[in-house]
Amino acid sequence: MSKVRHVLGISGGKDSAALAIYMKQNYPDLDIEYYTSDTGKELDETYQLIDNLEIFLGKKILRLTGANNSPELPFDHFIKMYGGYLPSSNARWCTKKLKLEPFENFVGNDPVVSYVGIRGDEDREGYISKKSNIQSIFPFRKNIWSEDVINKFLANSNITSVIEIYSSFSLTEKAERIIEILNTKISTSFNQQQKLNQLLDLGIKEFNKAIFQFIKNTNYPLSSEQTFALVENEDVLVREDIFSILEKSGVGVPAYYKEVEFEVNGKKSTYARSRSGCFFCFYQQKIEWVWLYEQHPELFAKAMEYEKDGYTWIQDEPLTELIKPERIEGIKEEYIKRSESKKSKIQSPYLLDILADAEEEGCASCFI
Ligand code: SF4
3 MSKVRHVLGI SGGKDSAALA IYMKQNYPDL DIEYYTSDTG KELDETYQLI DNLEIFLGKK
63 ILRLTGANNS PELPFDHFIK MYGGYLPSSN ARWCTKKLKL EPFENFVGND PVVSYVGIRG
123 DEDREGYISK KSNIQSIFPF RKNIWSEDVI NKFLANSNIT SVIEIYSSFS LTEKAERIIE
183 ILNTKISTSF NQQQKLNQLL DLGIKEFNKA IFQFIKNTNY PLSSEQTFAL VENEDVLVRE
243 DIFSILEKSG VGVPAYYKEV EFEVNGKKST YARSRSGCFF CFYQQKIEWV WLYEQHPELF
303 AKAMEYEKDG YTWIQDEPLT ELIKPERIEG IKEEYIKRSE SKKSKIQSPY LLDILADAEE
363 EGCASCFI
């Protein structure tokens with residue numbers, strides 16, 4: 003097998019940026035290739051973040067584009083190919099053409115470990131690629147391994163071999179309990195997640211060591227590595243940690259997160275954008291469209307230009323309707339109402355966290 007490559011994709015969002023910083027600070031010996039898949043339609047603030055990161059990392063962040071030899075920006079190249087058909091959550095040709103395919107071409111058939119910035123307080127898998135030569139690792143989570151690895155490791159059919167691996171470690175007083183859990187089959191009364199949590203609770207390092215040993219008999223990229231530094235990783239990083247990493251490193255929080263004040267019918271509030279990605283991304287919330295209209299009118303006008311032949315970014319609401327004064331007022335009022343009911347529940351210095359619900363939606367390659 004050829005040498006394992008270690009790669010980390012920078013989406014322009016806070017979590018992947020923080021992960022790049024974290025990896026440099028904690029695993030300086032890993033030779034990580036950084037890349038970003040550029041749609042050509044990101045906000046300037048995102049490009050600025052990438053520039054700042056390059057300075058911090060002291061390394062180039064490779065720009066991948068889906069349309070290498072096209073005179074047009076990548077998104078424009080493909081929208082022409084799709085006859086003006088705008089992408090949507092049900093027809094996400096944009097992530098396929100502008101994110102996944104360029105990434106898969108970049109790694110080719112090499113064995114690759116891809117580091118993904120899903121946080122310890124998130125409940126999502128972050129699908130990146132199904133190619134078997136790409137193995138995802140999640141350093142911010144308690145469980146750093148991808149779902150497919152866990153499925154194999156905890157499969158009832160592998161109980162004996164996993165017990166053998168664990169038994170070769172010196173587990174001291176925990177041994178009995180660990181073996182008991184390992185021996186318990188996954189069933190309707192004891193699901194895989196419960197088994198995983200219980201094993202992690204009894205020792206993250208032991209769990210990691212066991213998996214690393216287990217995958218030696220598989221084709222995963224890490225099977226050919228003698229050592230893997232992240233086996234020792236016990237960190238669990240949540241939202242506040244991400245902001246703190248960005249601020250302390252000097253790279254800074256992406257500027258689109260900055261709260262901007264607005265007033266509607268005598269009520270004051272703030273808005274911002276909750277994530278990276280194309281300025282016209284169909285995943286953004288209505289209040290974010292209003293933010294774009296008021297804070298980046300030139301970009302909003304460009305987003306409007308794509309709405310032709312009946313195609314709209316938001317289902318059943320063309321942007322020409324959304325910017326009617328009474329509609330903007332309604333969106334802001336609704337947003338304030340929603341924010342107030344949630345604010346009491348969230349103990350974060352970032353008011354923007356009230357937008358966080360929607361953050362979970364979307365694709366890993368664009369927003370992490
Ligand atoms: S940010 Fe949104 S529009 Fe841009 S590629 Fe990703 S999903 Fe598509």
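In terms of this note's numbering, the sequence shown opens at residue 3 and continues consecutively.
All C-beta atoms in this analysis are idealised placements derived from N, C-alpha and C, irrespective of residue type, glycine included.
- When DSSP states are grouped into helix, strand and coil, A19 belongs to the helix group.
- For V253, there is no enclosing alpha helix (DSSP H), as DSSP marks it with neither H nor E.
- A straight line joining the alpha-carbon of Q195 with that of F216 spans about 19 Å.
- F192 is bridged by DSSP to S189.
- The beta carbon of F108 is closer than 7 Å to those of Y37, L66 in its chain, skipping five residues each way along the sequence.
- Around L202, the same chain offers K144, N145, F209 as residues with beta carbons nearer than 7 Å, after the five sequence neighbours per side are excluded.
- For the options F80, V114, G86, L156, the alpha carbon positioned closest to that of Y313 is the one of G86.
- The beta strand (DSSP E) runs of length 3 or more contained entirely in the segment 223 to 299 are, from start to end of the chain, 262 to 266, 269 to 273.
- Non-local beta-carbon contacts of G68 in its own chain, meaning distances under 7 Å to residues more than five positions away in sequence, involve P76, F80, K99, L100, E103, P104 in chain order.
- DSSP, reduced to helix, strand and coil, places T38 within a strand of the structure shown.
- Relative to the ligand SF4, the beta carbon of Y29 is positioned no closer than 7 Å to any heavy atom.
- With respect to the C-alpha of D237, the residue from S170, Y24, G14, G15 having the closest C-alpha is Y24.
- I57 and V118 have their C-alpha atoms some 21 Å from each other.
- Taking all protein chains shown into account, G332 has fewer than 16 neighbouring C-beta atoms within 10 Å of its C-beta and is therefore exposed.
- Per the C-alpha coordinates, the member of V255, E178, N193, V6 positioned closest to A20 is V255.
- Cβ neighbours of Y308 within its own chain (closer than 8 Å, five residues either side excluded): I81, G86, L88, F282, W315.
- Apart from the 5 residues on each side of it in sequence, F192 sits with its Cβ closer than 7 Å to the Cβ of T186 in its chain, given in chain order.
- For L10, the enclosing beta strand (DSSP E) starts and ends at 7 to 11.
- Inter-segment contact for the segment 5 to 19 and the segment 44 to 58 is present: three or more beta-carbon pairs are separated by less than 8 Å.
- For I181, the closest alpha carbon among the candidates S163, T190, S189 is that of S163.
- In this structure E261 touches T272 by the C-beta definition: roughly 4 Å separates them, less than 8 Å.
- K62 sits exposed, since fewer than 16 C-beta atoms from the chains shown fall within 10 Å of its C-beta.
- When DSSP reads this structure, S116 sits in a beta bridge with V9, S138.
- Counting only the Cα atoms, S91 lies some 7 Å from Y285.
- When C-alpha distances from L10 are compared across S251, L59, E47, the shortest belongs to L59.
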